[in-house]
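A.B. asks: Protein chains in written order, with my numbering: chain A, 12 to 140; chain B, 480 to 1087; chain C, 36 to 85. My questions will all concern the structure given below.
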Amino acid sequence: MSRPETIRSLRDRFAIGASLIPPVALLMIASRAGWVPGSPRAYLAAMPVVLGLGMLFPIFVEPWHRRFSRMRAWLGGRLVFLLFLGVYGVAVVPMAFLMRLVGQRPIDLSRSGSSWVRSKGFGSLRDPF
Amino acid sequence: MHYVLGISGLYHDSAAALLGDGRILAAVQEERLSRRKNDARFPERAIQSCLDQAGITAGDLAAVAFYEKPILKFSRTLEVFLGWAPRGGRAFARAIPDWLGGRLDLRGRIRSALPKLRVDCPILFTTHHEAHAASAFFPSPFAEAAILTVDGVGEWATTTIARGSGATIEPLEEIQFPHSLGLLYSAFTAYCGFRVNSGEYKLMGLAPYGDPHWVETLLEEVVSLHEDGSFRLNLEYLDPLAEDHLTNERFHDRFGGPPRRPDEPLEKRHLDLARSIQVVTERALLGLVRRAHEQTGSAHLCLAGGVALNCVANGRILREGPFQKLWIQPAAGDAGAALGAALAAWHGPLDRGGFGAPRIPRASDAMGGGFLGPEETPEAVEASLKRLDAVWERLAPEVLQERVVEALIAGKVVGWVQGRMEFGPRALGHRSILGDPRSPDMQSRMNLKVKFRESFRPFAPAVLAERSAEFFELTGESPYMLLVAPVAGAQRIPVAHEAEGLDRLKQVRSTLPAVTHVDGSVRVQTVDPDRNPQFYALLKHFEAKTGCPVLINTSFNVRGEPVVGSAEDAYRCFINSQIDVLAVGPCYLERERQLHAALPRSFEAIPD
Amino acid sequence: MGSLLRDFARFLSREKKWWLAPLILILLLLGAVVVLSSSSAVAPFLYPFL
């Protein structure tokens, strides 16, 4: 369920306005390479303007803001996934093999014998561990 | 007064519970308020509802207790990956960012959600199974008891045995991940095409339609049950870190094909697997129960953890196990752990950071019938109905009951919303859909037309406690609908030719066909005047008119929807399904008189 | 963050699981980067990059 935004705190306004800056920045980079018309300076100057417009008239900018946020969330999710997949490959997997080399395996995969473990008692309630 | 707030969540079924000087004042599942089934988000609405019910703010709290040790659980997660690598990379890349993003720093999370919390208000942490054990023992009627908790996994433990005595719980022994009955049952749930952590109930409902001919295979290859009650899973068949299902290729080859997708038809194979895993689970649980008896020597048993919601197994534990008395926490799943965490903090010894409070067990139990949620005033109910353009009559309680009973006798389906909302997965007569159990087509009608769910799913009867023995072979009471018992001999009707598979559904097996499962058993709710006076009065009324002290009682919701909470939820559900009559608070509504034919629903439908 | 690190240190010493420390440190650092970049005021500027 998506409800229309009703809260317009300064922070929200800022976020809405600021979300317009990265596309302008991309245009600026593209203009330096000559792919789009206009000078990089003009795009640079446009940045505070779009920020201000976004903050003053968030209603008009919001559809774009929402689209960009979705894009950002999607891209961010992908990147984080790949990042942690990488960590798994370079940190967890080698460490796991190293541990197995010295005869350590943190989970008990054996199939025979009792699986009862004496309880160590409850620790302090104050500790999150 | 000292108020202690308990919180569970961020994994599945978030909830909050509030104690006032040790008395349970309120307990609410987040899903009932957020309208998202099994909602796992931080339970902000549930917390607020608990505080509102007690008329306090977070500033009045003496302690907050969370139902898990996040750092211990995080480290267990890492160790499991280290033990499972090089498999599990994808699961790692999905799970770990989630952990780092807000499941580790629970103190910070709780403080930011409750800004009014006093700076010196301690935030406490129980282990997952300590919370379950506390939720099973402290509200129970027993001064001393054996405590058995069984679920998927907490920190390391998946199964624990403890001894409860007075206000103390002494943990004795445990079985650790990956050896887990909950995990095993969930693996079969997913394999048969149902959703993990909620579809287990459907698998159990499906079991009586199948034959148990996979039991030996399962016991030889997938799970070994030992003499001492412990068990081990064979991880060559299971993949506890897989994302969409918990079984692997080898399992699929062994059990006749890939996992069933939710939209594919149920085959005989699935029915047989459901039956087989149910049989294995019952055997394993009976072994655990015997062990708990040996270790404690107690005559009483308290049960909690998600597996304790398997009411078929619970019935066998009561009939065949070594314990004389059994008490099961009605919110046995993770929601109940919010209550357990608060109780563990309240009775926990001072040197552990608890309040060290003594405990006096109550003769019935301390759960208040399970009615621990919010209740709307008649004025609020009428205001909601008015806003929705509903057409209603406001009636005196006796007249309302009279009208509802007349409707039930006429074969109508009645939505019944009265008093405080239930805490726990079952509707116990405060947020229920009711029907006449003597009608043979009522089960199919209520399943298909009212609840829009699979026709095989059985309903439960609510029976006047004092007449339960005439209808069901049940020793003792079952106020929380957590026990399955056979239909009494006098009520049975023999079946000439047993049909096959799901066709068995259509055969009449007792004088109460709509609530009798194909194996002649019933999931009973006994209703007594102390715990549940309003519902008791309704049943009395129905009995006076018909001689039958039984009603069909099913939760007030449709497929994919959490049980209704407010009058507004109830009205929307009433309009959008084929419920004939709605009784909410003092208001009586008939379908034919409503102006709406449909209304936008107020919940996020969760697929099976 | 400080109290979290302290909790981790006490936990690892109690359980004598110091070998987990490097992995936990790496993950906490990465986590801090991810959390900062997604919830702070700079977040809106970063979407093409994260």
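All C-beta atoms, glycine included, are put in the ideal place defined by N, C-alpha and C.
(1) What does Ile61(C) touch in chain A if you count any residue whose Cβ is under 8 Å from its own?
(2) Among residues of its own chain, excluding the 5 on either side of Trp806(B), which ones have a beta-carbon nearer than 6 Å to its beta-carbon?
(3) Between which two residues does the beta strand (DSSP E) harbouring Gln1004(B) extend?
(4) Under 8 Å: do the region 964-975 of chain B and the region 811-821 of chain B share three or more Cβ pairs, one atom per stretch?
(5) Would the region 781-794 of chain B and the region 567-585 of chain B be scored as touching if the rule is three or more Cβ pairs under 8 Å?
(6) Flag this pair as yes or no: are the beta carbons of Pro853(B) and Gln508(B) separated by less than 8 Å?
(7) May I ask you to report which of helix, strand or coil DSSP gives Pro940(B)?
(8) Cβ of Gly631(B) within 8 Å of Cβ of Thr637(B)?
(9) For Gly37(C) and chain B, any beta-carbon pair shorter than 8 Å?
(10) Compare the Cα-Cα distances from Gln803(B) to each of Pro1065(B), Leu907(B), His779(B), Arg1010(B) and report the closest residue.
(11) Given that Leu86(A) touches chain B, what residues does it touch there, using C-beta distances under 8 Å?
(12) Check the Cβ of Asp138(A) against every Cβ in chain C and list those closer than 9 Å, keeping chain order.
(13) What separation, rounded to the nearest whole angstrom, lies between the Cα atoms of Val113(A) and Ala84(A)?
(14) Here's the rule I'm using: 16 or more other beta-carbon atoms within 10 Å means buried, otherwise exposed. How should Gly827(B) be labelled?
(15) Can you have a look at Gly1044(B) and say buried or exposed, based on whether 16 or more other CB atoms are within 10 angstroms of its CB?
(16) Thr605(B) by DSSP, collapsed to three states: which one?
(17) Three-state secondary structure (DSSP) at Val768(B)?
(18) CB Ala519(B) to CB Tyr490(B), shorter than 8 Å?
(19) Quick one: what's got a C-beta closer than 8 Å to Leu512(B)'s C-beta in the same chain, skipping five residues either side?
(20) Between Ser20(A) and chain B, is there a C-beta pair that is closer than 8 Å?
(21) Can you tell me which of the three DSSP states Leu782(B) falls into?
(22) Hey, is Val91(A)'s beta-carbon within less than 8 Å of any beta-carbon in chain C?
(23) If you drop the 5 nearest sequence neighbours on each side, which residues of the same chain put their C-beta closer than 7 Å to that of Glu952(B)?
(24) Count the other C-beta atoms from every protein chain shown that fall within 10 angstroms of the C-beta of Asp439(B), then say buried if there are 16 or more, exposed otherwise.
(25) From the DSSP output, read off the bridge partner residues of Cys1066(B).
(26) If we count Cβ pairs, one from each stretch, closer than 8 Å, do we get three or more for the region 857-873 of chain B versus the region 1026-1043 of chain B?
(27) Just to confirm the assignment, what range does the alpha helix (DSSP H) spanning Val47(A) have?
(28) Determine, for Val70(C), whether the minimum Cβ-Cβ distance to residues of chain A falls below 8 Å.
(29) What is the DSSP secondary structure of Ile1054(B), counted as helix, strand or coil?
(30) Out of Ser777(B), Glu558(B), Ala810(B), state which residue places its alpha-carbon closest to the alpha-carbon of Gly800(B).
(31) Taking the alpha-carbon positions, what's the Glu558(B) to Ala564(B) distance?
(32) Name the chain B residues that come within less than 7 Å of Trp127(A), Cβ to Cβ?
(33) What residue ranges within the region 565-597 of chain B form continuous alpha helix (DSSP H) runs of no fewer than 4 residues, ordered along the chain?
(34) By alpha-carbon positions, which one of Ser80(A), Ser20(A), Val103(A) ends up nearest to Ile32(A)?
(35) Any beta-carbon of chain B closer than 8 Å to the one on Pro34(A)?
(36) Any beta carbon from chain B within less than 8 Å of Leu112(A)'s own beta carbon?
C.D. replies: With the given structure in hand:
(1) On the third sequence, position 26 is the one that residue 61(C) refers to. Val98, Ala102, listed in chain order.
(2) Locating residue 806(B) in the second sequence gives position 327, where the first residue counts as 1. For Trp806(B), where only same-chain residues beyond five positions count, the Cβ hits under 6 Å are Ser619, Cys781.
(3) If you number the second sequence from 1, residue 1004(B) lands on position 525. Segment 1000-1006, the beta strand (DSSP E) holding Gln1004(B).
(4) no
(5) no
(6) Position 374 of the second sequence, counted from the start, is the residue given in the question as residue 853(B). Position 29 of the second sequence, counted from the start, is the residue given in the question as residue 508(B). Not closer than 8 Å, so no.
(7) In the second sequence, counting from the first residue as 1, residue 940(B) sits at position 461. It is a strand residue.
(8) Here residue 631(B) refers to the residue found at position 152 of the second sequence. Here residue 637(B) refers to the residue found at position 158 of the second sequence. Going by C-beta atoms, Gly631(B) is nearer than 8 Å to Thr637(B).
(9) Position 2 of the third sequence, counting from 1, holds the residue named residue 37(C). It does not: the Cβ of Gly37(C) has no partner Cβ on chain B nearer than 8 Å.
(10) What you label residue 803(B) is simply residue 324 of the second sequence in a count that begins at 1. Comparing Cα positions, the closest option is His779(B).
(11) By 1-based counting over the first sequence, the position of residue 86(A) is 75. Within 8 Å Cβ-Cβ: nothing; Leu86(A) doesn't reach chain B, min ~14 Å.
(12) Reading the first sequence from its first residue, position 127 is the one you call residue 138(A). In chain order: Asp42, Arg45, Phe46, Arg49.
(13) Within the first sequence, the letter at position 102 stands for residue 113(A). Within the first sequence, the letter at position 73 stands for residue 84(A). If you take the alpha carbons of Val113(A) and Ala84(A), they lie about 42 Å apart.
(14) Here the question's residue 827(B) lines up with position 348 in the second sequence. Looking at its Cβ environment, which holds 16 or more other Cβ atoms inside 10 Å, Gly827(B) is buried.
(15) Taking the second sequence and counting its residues from 1, one reaches residue 1044(B) at position 565. Classification for Gly1044(B): buried.
(16) Here residue 605(B) refers to the residue found at position 126 when the second sequence is read from its first residue. Note: Thr605(B) maps to coil in three-state DSSP.
(17) The residue labelled residue 768(B) in the question sits at position 289 within the second sequence. Helix, per DSSP.
(18) Sequence index remark: in the second sequence, residue 519(B) carries index 40 (1-based). Sequence index remark: in the second sequence, residue 490(B) carries index 11 (1-based). Cβ distance < 8 Å, so Ala519(B) and Tyr490(B) count as in contact.
(19) On the second sequence, position 33 is the one that residue 512(B) refers to. For Leu512(B), where only same-chain residues beyond five positions count, the Cβ hits under 8 Å are Arg524, Ala525, Ser528, Gly1044.
(20) Numbered from its first residue, the first sequence carries residue 20(A) at position 9. Ser20(A) does not count as touching chain B.
(21) Taking the first residue of the second sequence as 1, we reach residue 782(B) at position 303. It is a strand residue.
(22) The sequence position of residue 91(A) within the first sequence is 80, counting from 1. Interface residue, yes.
(23) The residue you call residue 952(B) lines up with position 473 of the second sequence. Hits under 7 Å: Ala964, Pro965, Ala967.
(24) Outside the displayed range of chain B (480 to 1087) lies residue 439(B), so it cannot be described from this structure.
(25) The residue labelled residue 1066(B) in the question sits at position 587 within the second sequence. Answer is Arg873(B), Val1063(B), bridged to Cys1066(B).
(26) no
(27) Translated into positions along the first sequence, residue 47(A) becomes position 36. Run containing Val47(A): none; DSSP gives neither H nor E here.
(28) By one-based count along the third sequence, residue 70(C) stands at place 35. Not closer than 8 Å to any Cβ of chain A, the Cβ of Val70(C) fails to qualify, so no.
(29) For the purposes of this step, residue 1054(B) is taken as residue 575 along the second sequence, with counting starting at 1. It is helical.
(30) As a working mapping, residue 800(B) is identified with position 321 in the second sequence. Measuring from the Cα of Gly800(B), the nearest candidate turns out to be Ser777(B).
(31) For the purposes of this step, residue 558(B) is taken as residue 79 along the second sequence, with counting starting at 1. For the purposes of this step, residue 564(B) is taken as residue 85 along the second sequence, with counting starting at 1. Going from the Cα of Glu558(B) to the Cα of Ala564(B) covers about 10 Å.
(32) For the purposes of this step, residue 127(A) is taken as residue 116 along the first sequence, with counting starting at 1. What Trp127(A) touches in chain B: Glu652, Ile654, Asp707, Ser709.
(33) 568-579, 585-592
(34) In the first sequence, residue 32(A) corresponds to position 21, counting from 1. Among Ser80(A), Ser20(A), Val103(A), the Cα nearest to that of Ile32(A) belongs to Ser80(A).
(35) What you label residue 34(A) is simply residue 23 of the first sequence in a count that begins at 1. No, its Cβ sits nowhere closer than 8 Å to a Cβ of chain B.
(36) Taking the first sequence and counting its residues from 1, the one referred to as residue 112(A) is at position 101. No, its Cβ sits nowhere closer than 8 Å to a Cβ of chain B.
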